[in-house]
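**Q**
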Amino acid sequence: MIKEDKEIVAKIKELKKKRNAIILVHNYQLPEVQDIADFRGDSLELSRIAAKTEAKVIIFCGVYFMAETASILSPDKLVIMPDVSAGCPMANMMNAQDLKKLKHEHPGAVAVGYVNTSAAVKAELDYCCTSTNAVAVVNALKNEKEIIFVPDKYLADYVSKKSGRKLITWHGFCPTHVKILPEDLKREKKFHPQAKVMVHPECLASVVAMADVVLSTSQMAKFAKEDPAKEFIIGTEAGLLYRLKQDNPDKEFYLASERAVCPNMKRTTQEKVLWALEELKEEVRVSDEIRKKARLAIDRMLAII
Ligand code: 13P
Ligand code: SF4
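First residue of the sequence shown: 407, per my numbering; consecutive thereafter.
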């Protein structure tokens with residue numbers, strides 16, 4: 407680490423203490439940001455930490471819907487994003503009006519939504535879910551006749567196949583994960599025939615069909631540690647490789663596609679984290695009206711798993 411970087415990290419540590427702040431970092435963030443995390447995890451884990459932390463300030467290094475979720479779960483905390491322009495294009499593919507219309511068209515249906523949605527959309531949901539628990543949430547709704555599942559059509563397809571339920575879906579998708587193609591997996595499997603294939607459920611159905619396991623980002627981290635395999639092909643955003651390599655220096659990880667990079671996840675840097683701690687900006691806060699309704703959907707999810 408060069409001298410300037412060491413100074414930044416030292417200042418971050420000092421200010422963090424002074425502000426009584428915690429730094430939450432998603433698994434896709436830049437290595438330099440992962441290095442300063444108090445906690446690094448997937449959407450579900452970060453939500454759980456946000457709900458129970460004693461810290462006064464949460465510095466959220468991820469994308470906007472994740473910081474909003476933290477604010478919904480911890481309304482008495484100051485939730486700060488070092489770069490507030492880091493959004494999730496999938497979350498932006500559906501707004502509250504779209505969901506209201508879909509619910510109107512299917513009046514008896516229960517509405518389940520991926521955590522990759524705005525707080526305003528969550529306020530219209532009955533249940534929230536993440537990539538970790540989407541199948542479990544749908545399985546828990548066996549008495550419901552109709553289920554709306556939004557916004558990701560590929561996650562919906564995966565959940566529908568796993569649960570055996572027909573779902574009412576939306577046309578959202580992750581522009582990063584759809585860049586991973588079946589031919590990428592074919593090529594990597596040819597080069598590394600012994601490798602296990604792990605993919606994220608946001609991938610194309612044709613990619614999911616070729617995987618050994620379909621997991622959230624932290625589930626992939628756990629699987630890589632526990633599975634006896636020594637080589638893995640990774641079908642998700644490139645940022646996860648840093649953690650996988652760090653945790654398993656004796657194993658090999660091959661990214662299915664170098665194109666699977668989420669530009670929004672790369673907006674946050676150490677400097678921006680330092681400025682965020684200095685200025686306590688930009689705050690992400692969800693209005694009380696939206697928060698109360700959105701919280702119900704998140705709490706119902708947390709009660710299932
Ligand atoms: P995870 O919850 O698996 O970390 O996924 C979040 C995400 O945005 C995937 O693109
Ligand atoms: Fe959104 Fe995809 Fe980026 Fe995840 S990887 S934050 S789903 S755009």
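Ideal placement from N, C-alpha and C gives every residue a C-beta, glycine not left out.
Helix, strand or coil for Phe-555? Go by DSSP, reduced to three states.
**A** Translated into positions along the sequence shown, residue 555 becomes position 149. In the structure shown, Phe-555 sits in a strand (DSSP, three-state: E or B).
**Q** When we look at the beta-carbon of Pro-599 and count the other beta-carbons within 10 Å, is it buried (16 or more) or exposed?
**A** Reading the sequence shown from its first residue, position 193 is the one you call residue 599. Flag for Pro-599 reads exposed.
**Q** Taking Cβ to Cβ, would you say Ser-524 is nearer than 8 angstroms to Glu-589?
**A** Counting from 1 along the sequence shown, the entry for residue 524 is found at position 118. Counting from 1 along the sequence shown, the entry for residue 589 is found at position 183. Their beta carbons are not under 8 angstroms apart, which means Ser-524 does not touch Glu-589 by this criterion.
**Q** For the structure I just gave you, are there three or more beta carbon pairs, one from the segment 628-645 and one from the segment 464-482, closer than 8 angstroms?
**A** no
**Q** What whole-angstrom Cβ distance do Asp-563 and Cys-580 have, given they're in contact under 8 angstroms?
**A** By one-based count along the sequence shown, residue 563 stands at place 157. By one-based count along the sequence shown, residue 580 stands at place 174. Contact doesn't hold; Cβ gap of about 13 angstroms is too wide.
**Q** Measure the C-alpha to C-alpha separation of Arg-691 and Ile-704 and round it to an integer number of angstroms.
**A** Position 285 of the sequence shown, counting from 1, holds the residue named residue 691. Position 298 of the sequence shown, counting from 1, holds the residue named residue 704. Whole-angstrom Cα-Cα distance: 16 angstroms.
**Q** Where does Val-614 fall in DSSP's three states?
**A** Taking the sequence shown and counting its residues from 1, the one referred to as residue 614 is at position 208. Three-state DSSP puts Val-614 in a helix.
**Q** Does DSSP put Leu-367 in a helix, in a strand, or in coil?
**A** Outside the displayed span of the chain (407 to 711) sits residue 367, for which this structure offers no information.
**Q** Can you tell me whether DSSP reads Val-469 as helix, strand or coil?
**A** Counting from 1 along the sequence shown, the entry for residue 469 is found at position 63. The answer is coil: DSSP assigns Val-469 none of H, G, I, E or B.
**Q** According to DSSP, Tyr-520 sits in a beta bridge with which residue or residues?
**A** Stepping through the sequence shown from its first residue, residue 520 is reached at position 114. BP columns for Tyr-520 point to Cys-535.
**Q** With a Cβ-Cβ cutoff of 8 angstroms, do Ile-486 and Lys-687 count as a contact?
**A** For the purposes of this step, residue 486 is taken as the residue at position 80 of the sequence shown. For the purposes of this step, residue 687 is taken as the residue at position 281 of the sequence shown. Yes, Cβ-Cβ distance for Ile-486 and Lys-687 is below 8 angstroms.
**Q** Please classify Asp-506: is it buried, with 16 or more other beta-carbons within 10 angstroms of its beta-carbon, or exposed?
**A** Working through the sequence shown from its first residue, we reach residue 506 at position 100. It is Lys, not Asp, that sits at residue 506 in the sequence shown. Exposed, because fewer than 16 other Cβ atoms sit within 10 Å of the Cβ of Lys-506.
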